[in-house]
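Heads up, the thing below is written out as structure tokens.
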Amino acid sequence: MKAIIPAAGLGTRFLPATRCMPKELLPVLDKPILQYVVEEALEPAGVDGVVIVNSREKPQIEQYFSVDEEFESMLRERGKGEAADLVHEASTLPVSFVYQDNPRGLGHAVHCAADKIDGEPFFVLLGDYFVPDKQMCVRMAQVSREHNGASVIAVAPVPADQVSRYGIIAGQCVGHLEGAQAGEEDEGAVWKVTGLVEKPKPEDAPSHLFIVGRYLLSPRIMELLATQAPGAGNEIQLTDSMQRLLAEEEMYALVVDPAEGCDTGTPAAWAATNARMAIKNPQTAEAFREALGDVTLG
């Protein structure tokens with residue numbers, strides 16, 4: 001079973017930094033964003049590889065996950081064996097690459113990896129959001145197993161006056177994970193999805209649950225993407241093919257707490273994620289607070 005991570009975007013929100021450095025390799029503390037996402041993708045049982053959908057304009061990503069024996073040897077010769085081990089660790093991750101030469105939306109990016117999934121279900125993880133404890137996809141896989149291998153998406157509640165910014169699911173709550181609260185839109189609730197509505201008006205929204213950026217999808221979606229007509233923005237939209245999938249197969253949604261993950265999609269969010277991770281890490285918390293000096297964090 002594979003996990004797909006689209007990583008071919010230009011990272012325009014981070015210009016000029018991304019003129020020479022892929023957004024996905026920006027560090028959170030001492031590790032690139034993308035490595036956090038790869039490690040999260042490998043956490044569910046049965047996932048044996050990650051397919052990164054890259055751009056040929058970003059060879060640095062492939063280089064990062066490649067073995068560099070000369071550099072590792074140099075570090076060890078200088079007594080930096082621990083650093084060499086960290087560098088080597090990234091090169092041992094089971095990562096492969098495909099290329100999106102003509103970016104045409106998320107659906108198009110996912111379909112670029114069609115030949116890699118071997119006719120099996122697969123995860124899709126958006127690369128500007130990662131979950132430090134790596135358990136979100138694990139719980140999604142649990143929901144899938146409990147519903148005969150159905151597709152599962154992660155969703156989270158959003159205030160009613162903000163639903164017009166997101167893709168919102170339609171459906172009904174059909175249960176909860178063990179130990180979860182009883183509310184229909186509380187973390188751990190499981191919904192059977194009947195529709196996907198893009199940016200509805202508040203009065204027309206079928207729920208207050210939006211797609212977070214984690215998907216566990218049936219292999220049938222790749223066949224649908226192959227014939228998917230362009231949608232919003234004249235791009236191949238993954239949600240359009242998911243809507244077609246609903247006519248053939250069941251789909252479920254797991255309600256998650258969006259704060260469980262770390263957003264790195266904008267410079268402000270990336271900076272906040274670094275601060276959040278620094279405070280939570282016992283090895284950096286004290287030094288981080290000292291470096292802030294008189295600055296206080298709300």
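With full-length UniProt numbering applied, the sequence shown corresponds to residues 1 to 298, in that order.
Glycine included, C-beta positions come from ideal geometry on N, C-alpha and C.
No experiment lies behind these values; they were computed from the predicted model shown.
Going by beta carbons, V152 and L216 fall inside the 8 Å limit. Here the region 242 to 257 makes contact with the region 183 to 197; the two share three or more CB pairs at distances below 8 Å. Contact holds between the region 218 to 229 and the region 117 to 125, because three or more Cβ pairs, one in each stretch, are under 8 Å apart.
At least 8 Å separates the beta-carbon of I33 from that of E39. Judged by DSSP secondary structure, R145 falls within the alpha helix (DSSP H) whose first and last residues are 136 to 146. The beta carbon of W270 lies closer than 6 Å to those of T264 in the same chain, with the five residues before and after it left out.
Going by C-alpha positions, P59 is about 37 Å away from R145. The beta carbons of G167 and T227 sit no closer together than 8 Å. Judged by pairs of C-beta atoms under 8 Å, the region 72 to 90 does not touch the region 198 to 208, as fewer than three such pairs exist. Residue state for K31 is assigned as strand, using DSSP reduced to three classes. For A269, the enclosing alpha helix (DSSP H) starts and ends at 267 to 280.
The Cβ atoms of A113 and V51 sit closer than 8 Å to each other. For the beta strand (DSSP E) assignment, the uninterrupted runs of no fewer than 3 residues enclosed by the region 153 to 236 are, from N- to C-terminal side, 167 to 176, 189 to 198, 209 to 217. For Q243, same chain residues with a beta-carbon under 6 Å away, outside a window of 5 residues either side, are L196 in chain order.
As for any alpha helix (DSSP H) of minimum length 4 sitting wholly inside the region 42 to 82, the runs are 59 to 64, 69 to 77, ordered along the chain.
Counting along the chain, M251 sits inside no alpha helix (DSSP H); it lies in the beta strand (DSSP E) bounded by residues 251 to 255. Take the alpha-carbon of L225 and the one of A8: they are about 18 Å apart. Annotated as distal: V37 and V98, with beta-carbon spacing of 8 Å or more. The residues I236, in chain order, have a CB closer than 6 Å to that of H108 in the same chain once the five nearest residues on each side in sequence are set aside. The DSSP-derived three-state label of L292 is helix. For V163, the closest of I211, E184, L177, A141 by C-alpha to C-alpha distance is I211. Under DSSP, C262 shares a beta bridge with F130. The beta carbons of L29 and M277 sit closer together than 8 Å. Per the C-alpha coordinates, the member of T92, E43, G149 positioned closest to E62 is T92.
Around the C-beta of T12, fewer than 16 other C-beta atoms lie within 10 Å, and the residue is accordingly described as exposed. Each residue's CA atom was taken as its position, placing L292 and G233 some 42 Å apart.
Just so you know, the alpha carbons of C137 and A41 end up roughly 7 Å apart. Residue pairing by DSSP places L125 opposite R214 in a beta bridge.
Excluding the 5 residues flanking it on each side, Q172 has same chain C-beta neighbours closer than 7 Å at W191, K192, in chain order. By the neighbour-count criterion, in which a residue is buried when 16 or more other Cβ atoms sit within 10 angstroms of its Cβ, A156 is buried. Close CB contacts of Q181 within its chain, under the 6 Å cut and outside five residues either way in sequence, are absent.
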